[in-house]
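Protein chains in written order, with the working numbering: chain G, 1 to 236; chain S, 1001 to 1224.
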Amino acid sequence: MSGGFTQWFSNIQYMFSLQQWQYFFKNGFTGLLHGLLLTVEVSLLGLFFALILGIVFGVLATSQWKVARAVARVYVEFFQNTPLMLQAIFLTFGLPLIWPALVKVPLFMILVIALSMYHGAYISEAVRAGIQSIHRGQLEASLSQGMTYVQAMRYVVIPQALRVVLPPLTNQAVNLVKNTSVGVAIGAMELMYMTKQISDMTTGPAFLVAALLYFILCFPLATLARRLEDRAEVNN
Amino acid sequence: MNNLSIAHMLAQGSFWTSLLNGLGVTLIVSAISIVVAFILGVIFGVMRYSKVPVVSQIAAVYIEFLRNVPLLLLMFAFFLIGQMENLTAAIVAMSIFTGAVVAEVVRGGLNSIPKGQWEAARSQGMTYIQILRYIVLPQAVTKMIPPMVSQFVTAIKDSAFAFQLGVVELMNRGKIIQSQSTGVGQVLMTYAIVAGIYFIVNFILSILARKLQKKLSAGGGTIG
């Protein structure tokens, strides 16, 4: 048993030895930075499309029209209750079997699509909660003033709803950045994928530096989310 | 022909036992992780909430670090650097990752209890531990349960990441079946059924969570 521990410990010492670090900075670090760049791109694009989906389905979920509500419900329940890993793998390896044109779509775009549909579902729930937090009377009052439905939404309901929506939205942004790591399963060359590649040669430094890079991306967003949450709490 | 092969696949008992075994592993990984995460979460959540400087800061480092790195990275790290078995690595990574999320839930729940209650209890001569144990935690738990249940749904979905370590859970079972499939129809049907199983399990949990939330928010409106 103690021999096992000694072996384990010396393996770890080796993984973080000076020569491993030297090797990493010579041969691996730029690769990680390329991965980081793609992670940032995928995150921004993913967040953009997730926001669009979230707003569309969030508004549909609060509409008067029953079919629209049902469509929004199905979308949210499906994407919230199945793993992102499964969705991403299906988009990459399953769907092209019946839709061959999909093979031409670059893998990072597949990742963007998977992330935006998955997080769009969460965002649409936040948007719905935001809209529903506004008293119906406000919408009716706006309509009675001659505003159209879209105008009432745009100028009266949405600005107030944003206070409710922003904290969970920011949390989703953090989760989206972390979930870009699913790229490793489909071969999109984002940070996690590159880390995995480099770790074949130098494990310790690759993972430690990657963790640090993810932390640098996520920590400011997570802190912002907490601030917004605390502020919303005070207003209640 | 395609339809026939799909029907053939679905008629095989081994198809279903294979997937159900996978579901078993998925549920075990999620359940162990959520239990350990709950314990870690209460400990670190209370530590974070406390005003004792070093204690609170240790908890802050734990929470902030783990909440801001991907679960998949932690799994790989325990597997490759920690040299653990794939199943152990997945469970350990999920436990401490989810523990940080639960700690935030606990902190939020504790923060929601008005400070006046602390003062009132202290004026009655109760100690810090007593106040926490008898006054604050029981009330805070009501607020913590719904996000905790939804975290369980997340844990079940997150356990699919373990497939990347070669853990033979539900997702992996589906992949194995697909690798032996004879046609497009079988492959797609397997996707649909695996997704369906995840969906049913999580959907039931989500409904329970929503019901619980309604019940708690209806009954919990007495204070504040």
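C-beta atoms are modelled at their ideal positions from N, C-alpha and C, and glycine is treated no differently.
Pairwise C-alpha distance: residue j and residue i
i: residue 18 (chain G); j: residue 7 (chain G); result: 19 Å
i: residue 1119 (chain S); j: residue 1067 (chain S); result: 32 Å
i: residue 1162 (chain S); j: residue 1075 (chain S); result: 7 Å
i: residue 1121 (chain S); j: residue 1115 (chain S); result: 10 Å
i: residue 55 (chain G); j: residue 131 (chain G); result: 10 Å
i: residue 1080 (chain S); j: residue 59 (chain G); result: 45 Å
i: residue 81 (chain G); j: residue 1202 (chain S); result: 5 Å
i: residue 228 (chain G); j: residue 1004 (chain S); result: 56 Å
i: residue 98 (chain G); j: residue 1187 (chain S); result: 11 Å
i: residue 180 (chain G); j: residue 146 (chain G); result: 45 Å
i: residue 1180 (chain S); j: residue 1017 (chain S); result: 16 Å
i: residue 140 (chain G); j: residue 154 (chain G); result: 14 Å
i: residue 210 (chain G); j: residue 224 (chain G); result: 22 Å
i: residue 1024 (chain S); j: residue 1170 (chain S); result: 8 Å
i: residue 151 (chain G); j: residue 1070 (chain S); result: 40 Å
i: residue 1060 (chain S); j: residue 1045 (chain S); result: 9 Å
i: residue 1221 (chain S); j: residue 1132 (chain S); result: Note that residue 1221 (chain S) has pLDDT 42, beneath the 50 cutoff, so the model's placement of it is unreliable and no number is given.
i: residue 1168 (chain S); j: residue 1012 (chain S); result: 20 Å
i: residue 1189 (chain S); j: residue 110 (chain G); result: 21 Å
i: residue 28 (chain G); j: residue 204 (chain G); result: 12 Å
i: residue 118 (chain G); j: residue 53 (chain G); result: 10 Å
Under 8 Å from the C-beta of residue i: neighbouring residues of chain G
i: residue 1073 (chain S); result: 181, 192, 195, 207, 210, 211, 214
i: residue 1206 (chain S); result: 77, 80, 81
i: residue 1067 (chain S); result: 174, 218, 222
N- and C-terminal bounds of the alpha helix (DSSP H) containing residue i
i: residue 1107 (chain S); result: 1086-1111
i: residue 34 (chain G); result: 29-61
i: residue 149 (chain G); result: 149-152
i: residue 190 (chain G); result: Taken as a continuous stretch (DSSP letters only), residue 190 (chain G) belongs to no alpha helix (DSSP H), as it is neither H nor E.
i: residue 1047 (chain S); result: 1013-1049
Cβ-Cβ distance between residue i and residue j below 9 Å
i: residue 1049 (chain S); j: residue 1110 (chain S); result: yes
i: residue 108 (chain G); j: residue 194 (chain G); result: no
i: residue 120 (chain G); j: residue 78 (chain G); result: no
i: residue 1212 (chain S); j: residue 1145 (chain S); result: yes
i: residue 115 (chain G); j: residue 143 (chain G); result: no
i: residue 1037 (chain S); j: residue 1094 (chain S); result: yes
i: residue 1156 (chain S); j: residue 1198 (chain S); result: yes
i: residue 128 (chain G); j: residue 72 (chain G); result: yes
i: residue 1058 (chain S); j: residue 1047 (chain S); result: yes
Integer Cβ distance of residue i from residue j, believed to fall under 8 Å
i: residue 1206 (chain S); j: residue 1153 (chain S); result: 6 Å
i: residue 32 (chain G); j: residue 198 (chain G); result: 6 Å
i: residue 176 (chain G); j: residue 47 (chain G); result: 6 Å
Contact set between residue i and chain S, taken where Cβ atoms lie within less than 9 Å
i: residue 187 (chain G); result: What residue 187 (chain G) touches in chain S: nothing, since even the nearest Cβ is about 12 Å away.
i: residue 62 (chain G); result: Per Cβ cutoff of 9 Å: no residues; residue 62 (chain G) is ~17 Å from chain S at best.
Interface residues of chain S facing residue i [CB-CB closer than 7 Å]
i: residue 184 (chain G); result: 1072, 1164
Partner residues on chain S for residue i, Cβ-Cβ distance less than 8 Å
i: residue 11 (chain G); result: 1083
Contact list for residue i against chain G, beta-carbon separation under 7 Å
i: residue 1110 (chain S); result: Neighbours of residue 1110 (chain S) on chain G: none; closest Cβ ~12 Å, over 7 Å.
i: residue 1212 (chain S); result: Under the 7 Å cutoff, chain G gives no residues; its nearest Cβ is about 17 Å from residue 1212 (chain S).
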